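Q: Handing you this structure, nothing more for now.
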Amino acid sequence: MKKFISTFIIILTIFFSQNSSISAETPKLLKTDWTFKGLFGKYDRASLQRGYQVYTEVCAACHSMQYLSYRNLSEPGGPEFTEDEAKFIAASFEILDGPNSEGEMFTRPAKLSDKFLMPYDNVEAAKAANGGAYPPDMSVLVKARKGGADYIYSLLLGYEDPPSDIKLDDGVYYNKYMYGNKIKMPVPLSDGLVEYGDGTLATEEQMAKDITTFLMWSAEPHLETRHKTGFRVIIYLIILSILVYLTMKKIWSRVETKI
Amino acid sequence: MSDSNYTPNSKLGKWFNDRLPLLTLANHLTDYPTPKNLNYWWTFGGILTFCLITQIVTGLVLAMHYIADTKLAFASVEHIMRDVNYGWLIRYVHANGASMFFLAVYIHIFRSLFYGSYKSPREIIWIIGIIIYLLMMAAAFMGYVLPWGQMSYWGATVITNLFSAIPFIGEGITTWLWGGYSVDNPTLTRFYALHYLIPFLILGLVVLHIWALHVPGNNNPVGIEIKKPSNDTVPFHPYIVIKDAFALLLFLIVFAFFVFYTPNILGHADNYIEANPLVTPAHIVPEWYLLPFYAILRSVPDKLMGVIAMFSAILILAALPWLDTSKVRSAVFRPLYKQFYWILVIDVLVLGYVGAMPAEGLYLLVARVATAYYFLHFLIVLPVLGWTEKTNPVPLNITEPVLAGSALATRSVREDKTEINLKSLG
Numbered sequence: 003m004k005k006f007i008s009t010f011i012i013i014l015t016i017f018f019s020q021n022s023s024i025s026a027e028t029p030k031l032l033k034t035d036w037t038f039k040g041l042f043g044k045y046d047r048a049s050l051q052r053g054y055q056v057y058t059e060v061c062a063a064c065h066s067m068q069y070l071s072y073r074n075l076s077e078p079g080g081p082e083f084t085e086d087e088a089k090f091i092a093a094s095f096e097i098l099d100g101p102n103s104e105g106e107m108f109t110r111p112a113k114l115s116d117k118f119l120m121p122y123d124n125v126e127a128a129k130a131a132n133g134g135a136y137p138p139d140m141s142v143l144v145k146a147r148k149g150g151a152d153y154i155y156s157l158l159l160g161y162e163d164p165p166s167d168i169k170l171d172d173g174v175y176y177n178k179y180m181y182g183n184k185i186k187m188p189v190p191l192s193d194g195l196v197e198y199g200d201g202t203l204a205t206e207e208q209m210a211k212d213i214t215t216f217l218m219w220s221a222e223p224h225l226e227t228r229h230k231t232g233f234r235v236i237i238y239l240i241i242l243s244i245l246v247y248l249t250m251k252k253i254w255s256r257v258e259t260k261i
Numbered sequence: 023m024s025d026s027n028y029t030p031n032s033k034l035g036k037w038f039n040d041r042l043p044l045l046t047l048a049n050h051l052t053d054y055p056t057p058k059n060l061n062y063w064w065t066f067g068g069i070l071t072f073c074l075i076t077q078i079v080t081g082l083v084l085a086m087h088y089i090a091d092t093k094l095a096f097a098s099v100e101h102i103m104r105d106v107n108y109g110w111l112i113r114y115v116h117a118n119g120a121s122m123f124f125l126a127v128y129i130h131i132f133r134s135l136f137y138g139s140y141k142s143p144r145e146i147i148w149i150i151g152i153i154i155y156l157l158m159m160a161a162a163f164m165g166y167v168l169p170w171g172q173m174s175y176w177g178a179t180v181i182t183n184l185f186s187a188i189p190f191i192g193e194g195i196t197t198w199l200w201g202g203y204s205v206d207n208p209t210l211t212r213f214y215a216l217h218y219l220i221p222f223l224i225l226g227l228v229v230l231h232i233w234a235l236h237v238p239g240n241n242n243p244v245g246i247e248i249k250k251p252s253n254d255t256v257p258f259h260p261y262i263v264i265k266d267a268f269a270l271l272l273f274l275i276v277f278a279f280f281v282f283y284t285p286n287i288l289g290h291a292d293n294y295i296e297a298n299p300l301v302t303p304a305h306i307v308p309e310w311y312l313l314p315f316y317a318i319l320r321s322v323p324d325k326l327m328g329v330i331a332m333f334s335a336i337l338i339l340a341a342l343p344w345l346d347t348s349k350v351r352s353a354v355f356r357p358l359y360k361q362f363y364w365i366l367v368i369d370v371l372v373l374g375y376v377g378a379m380p381a382e383g384l385y386l387l388v389a390r391v392a393t394a395y396y397f398l399h400f401l402i403v404l405p406v407l408g409w410t411e412k413t414n415p416v417p418l419n420i421t422e423p424v425l426a427g428s429a430l431a432t433r434s435v436r437e438d439k440t441e442i443n444l445k446s447l448g
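Order-wise, the sequence lines are chains A and B.
Numbering of the first sequence is given in this note's numbering, commencing with residue 3 and proceeding in unit increments.
Numbering of the second sequence is given in this note's numbering, commencing with residue 23 and proceeding in unit increments.
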């Protein structure tokens, strides 16, 4: 019977190792030094601010961020623009409001409490303007893709010429990280596409990193509090466990049983 | 509980207790004689009670902010995650809490399988437990639908469609479940109502589960009936309470790690995409705790037979007290059963693994073999083992092996070589 079990385990090992070779076919995602990973991970404030700039100057032409409000830009744990800066940013967008007392819709500059302006009125309009493909809303995009931030970062830098055996239609591009390798988003980034206010050189990799950091924040706006609280909770639980353990030992010492 | 001759000390207490014997109940729970050799696998009952209460409390708060409407559900969950004070914490505790609940219940069930806790006179405890487990799966499935992500929608579509396999009335039942001709708003609202109801049904059954437990008392690692109270037992409070508390704290450390550091690892990325009836995800997979049954479902080529196999896989557990014919409870004294037990554990893990993989090629083959073995274990192996297995001698009381296993009792080592390791399952 022992032999049977060990055979079973060997079969399993072969089985699992075969599986890992199947998954090796998809290219390995690019890695970069995210500051938000790990037990004490925090967002890089400057990167978030630059990331917002990339979003608003590049991505926002097609991608909405419907769950974000302008006030989020000045909230703790995010890009932390000052409230005045956030107000200034909001006021640069004209949004539709109403109806007013005459029953008319009107436009006005956005306020902190307003949601991010959407590039299209509806999904159909977005599709019509983008060759039939809907540019996904980016509010929780990082959490909605396997591989998360690494995947988004890799995808942004993953454009290359298609292998000779693949024919692409007009408006379709080859991306080695995209599921099925075909993507309708044209190459989004190129060196010097934006001009960073803080003097950082706007290379493709830098912009990809900044926008991905920004998207990570938009998907997990409370990540910093979560990490901080989590650390305290776990330390508290460990200390309490030790105390309870000692109490338990003391109580059980009255009984001649090991626990 | 009527066997207690407890009388409260105070006059007021006595007056109250004569009218509603809550103090007698409290006294019973405090003094409840528990075998002193219970190991840490026995602490999961308390952990499960904690999990249930956590789900109810966090769920209550979530329900205050959630909106059951196909157009608003996804956004309302994002509202909870972003704008509700500590909403992210409450939702992550609730979502990971479901996984922790299942982790604990699987350990609890497999502990019962190892030590034969389902055997006479504890069949009713076991069957109530199976009903609780079924309700847990229903509650978890419906809860997963509520955020109205892609996996919510398509998971609901796949599972509700199973009922259409029933001959003649299947289509009608499916339409009735949906409240329409596809998974839509009426489906979401009724799932929400049921998701809120089921935990309270579970709570009621948990009370019955514990009540039924307190009639014969706990089983124990040696698996013999013991005199209660006696030298072999300790009062529930403080001995078991403090031990359960310690185990719960260790469990909470694991729980907290998931909630605070990898809150989404047990979920599926596609569920952060809002439900879209026009786009089918590449792979529709249920949550990890349902995967073994999903694998059984898919391993049968015929839809109706697949559904029957899946439900039989759960219901067969209810017949376990009669399928296992062995008079000896604990696997400690059943050398052959112990081996088959571990094969079953591996079998279920394999089923879970292939349940997450596409149903094709080698995966399908493995799923079929593992499914066949699952039923073989319960229908053939267990009854036959009970008749043929030569079990090791069982001690007369638990103090004997307990002492034999401890350092101070080398004097009482017996020659019948009952090697018992009470500290572990093995």
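The beta-carbon is built from N, C-alpha and C at its ideal position, and this holds for glycine as well.
Please read all numbers here as calculations on a predicted model, not as lab measurements.
Strictly under 8 Å for the Cβ-Cβ distance: is serine 94 of chain A near chain B by that measure?
A: no
Q: Starting from the Cα of leucine 114 of chain A, find the closest Cα among A:Leu195, A:Tyr155, A:Asn74 and A:Asp123 and give me that residue.
A: A:Asn74
Q: Rounded to whole angstroms, what's the CA-CA distance from leucine 158 of chain A to glycine 53 of chain A? Just pull it up for me.
A: About 13 Å.
Q: Does the Cβ-Cβ distance between leucine 404 of chain B and leucine 345 of chain B come in under 8 Å?
A: yes
Q: Can you give, in chain order, each stretch of the alpha helix (DSSP H) that sits fully within the segment 169-231 of chain B and has at least 4 residues?
A: For the segment 169-231 of chain B, whole alpha helix (DSSP H) runs of length 4 or above, ordered along the chain, are 172-183 and 192-200.
Q: Whose C-beta lies closer than 7 Å to the C-beta of isoleucine 24 of chain A among residues of the same chain, with five residues either side of it excluded?
A: Confidence at isoleucine 24 of chain A is low in this model, with a pLDDT of 44, below 50, so the placement of that residue is unreliable and no value is reported for it.
Q: Using a beta-carbon distance below 8 Å, is proline 164 of chain A in contact with chain B?
A: Not one chain B Cβ lies under 8 Å of proline 164 of chain A.
Q: For glycine 232 of chain A and chain B, any beta-carbon pair shorter than 8 Å?
A: Glycine 232 of chain A has a beta carbon lying within less than 8 Å of a beta carbon in chain B.
Q: With DSSP collapsed to three states, give me the class of valine 406 of chain B.
A: helix
Q: Does any residue of chain A bring its CB to less than 8 Å from the CB of arginine 356 of chain B?
A: no
Q: Of all the options A:Met218, A:Gly105 and A:Ala112, which has the alpha carbon lying nearest to the alpha carbon of glutamate 96 of chain A?
A: A:Ala112
Q: Please confirm if the segment 227-235 of chain A is in contact with the segment 81-89 of chain A, defined as three or more CB-CB distances below 8 Å between the two stretches.
A: no
Q: Does the separation of the CB atoms of isoleucine 336 of chain B and leucine 156 of chain B fall below 8 Å?
A: Leucine 156 of chain B is positioned such that its CB atom lies closer than 8 Å to that of isoleucine 336 of chain B.
Q: Would DSSP call tyrosine 176 of chain A helix, strand or coil?
A: strand
Q: Can you check whether the C-beta of alanine 146 of chain A is within less than 8 Å of a C-beta belonging to chain B?
A: Output row for alanine 146 of chain A: interface = yes.
Q: Decide if lysine 265 of chain B is buried, meaning its Cβ has at least 16 other Cβ atoms within 10 Å, or exposed.
A: buried
Q: Could you work out which residue in B:Trp170, B:Thr302 and B:Trp198 is closest to tyrosine 88 of chain B when comparing CA atoms only?
A: B:Trp170
Q: Residues in its own chain within less than 6 Å of alanine 221 of chain A by CB, not counting five upstream and five downstream?
A: Val142, Val144 and Lys145, listed in sequence order.
Q: In chain A, what lies closer than 8 Å to asparagine 207 of chain B by C-beta?
A: The contacting residues do not exist; asparagine 207 of chain B stays about 19 Å from chain A at best.
Q: Could you tell me whether any Cβ in chain A is nearer than 8 Å to the Cβ of asparagine 31 of chain B?
A: no
Q: Return yes when the Cβ of leucine 342 of chain B is within less than 8 Å of the Cβ of tyrosine 137 of chain B, no when it is not.
A: no
Q: If you measure beta-carbon to beta-carbon, which residues of the segment 262-278 of chain B are closer than 7 Å to chain A?
A: Ile264, Lys265, Ala267, Phe268, Leu271, Leu272, Leu274, Ile275 and Ala278
Q: Can you pull the chain B neighbours of histidine 65 of chain A, defined as C-beta to C-beta under 8 Å?
A: Near histidine 65 of chain A there are no residues of chain B at all, since even the closest Cβ is about 14 Å away, more than 8 Å.
Q: Which full runs of the beta strand (DSSP E) of 3+ residues lie inside the segment 312-378 of chain B, going along the chain?
A: none
Q: I need the DSSP call for phenylalanine 42 of chain A, collapsed to helix, strand or coil.
A: The answer is coil: DSSP assigns phenylalanine 42 of chain A none of H, G, I, E or B.
Q: Give the DSSP-derived three-state secondary structure of valine 106 of chain B in the structure shown.
A: coil
Q: Can you tell me whether phenylalanine 108 of chain A is helix, strand or coil according to DSSP?
A: strand
Q: DSSP state of valine 189 of chain A, grouped into three classes?
A: Per DSSP, reduced to three states, the secondary structure at valine 189 of chain A is coil, with no helix or strand assignment.
Q: Tell me the DSSP secondary structure of proline 257 of chain B in three-state form.
A: strand
Q: With 8 Å as the threshold, decide whether the Cβ of threonine 249 of chain A is near any Cβ in chain B.
A: yes
Q: Can the beta-carbon of leucine 272 of chain B be found closer than 8 Å to that of serine 243 of chain A?
A: yes
Q: Is there a Cβ of chain A sitting closer than 8 Å to that of lysine 249 of chain B, yes or no?
A: no
Q: Which residues in the same chain as aspartate 254 of chain B place their Cβ atom closer than 7 Å to its Cβ, once the five residues preceding and following it in sequence are excluded?
A: Pro57, Lys58, Ile248, Asn419, Ile420 and Thr421
Q: How many whole angstroms separate the CB atoms of valine 329 of chain B and alanine 378 of chain B, which I take to be in contact at a CB cut-off of 8 Å?
A: Contact check for valine 329 of chain B and alanine 378 of chain B: beta-carbon distance about 20 Å, past the 8 Å limit, so the pair fails to qualify.
Q: Exposed or buried, serine 252 of chain B, counting other C-beta atoms within 10 Å across all chains shown (16 or more means buried)?
A: exposed
Q: Considering glutamate 96 of chain A, what are the terminal residues of the beta strand (DSSP E) in which it resides?
A: 96-99
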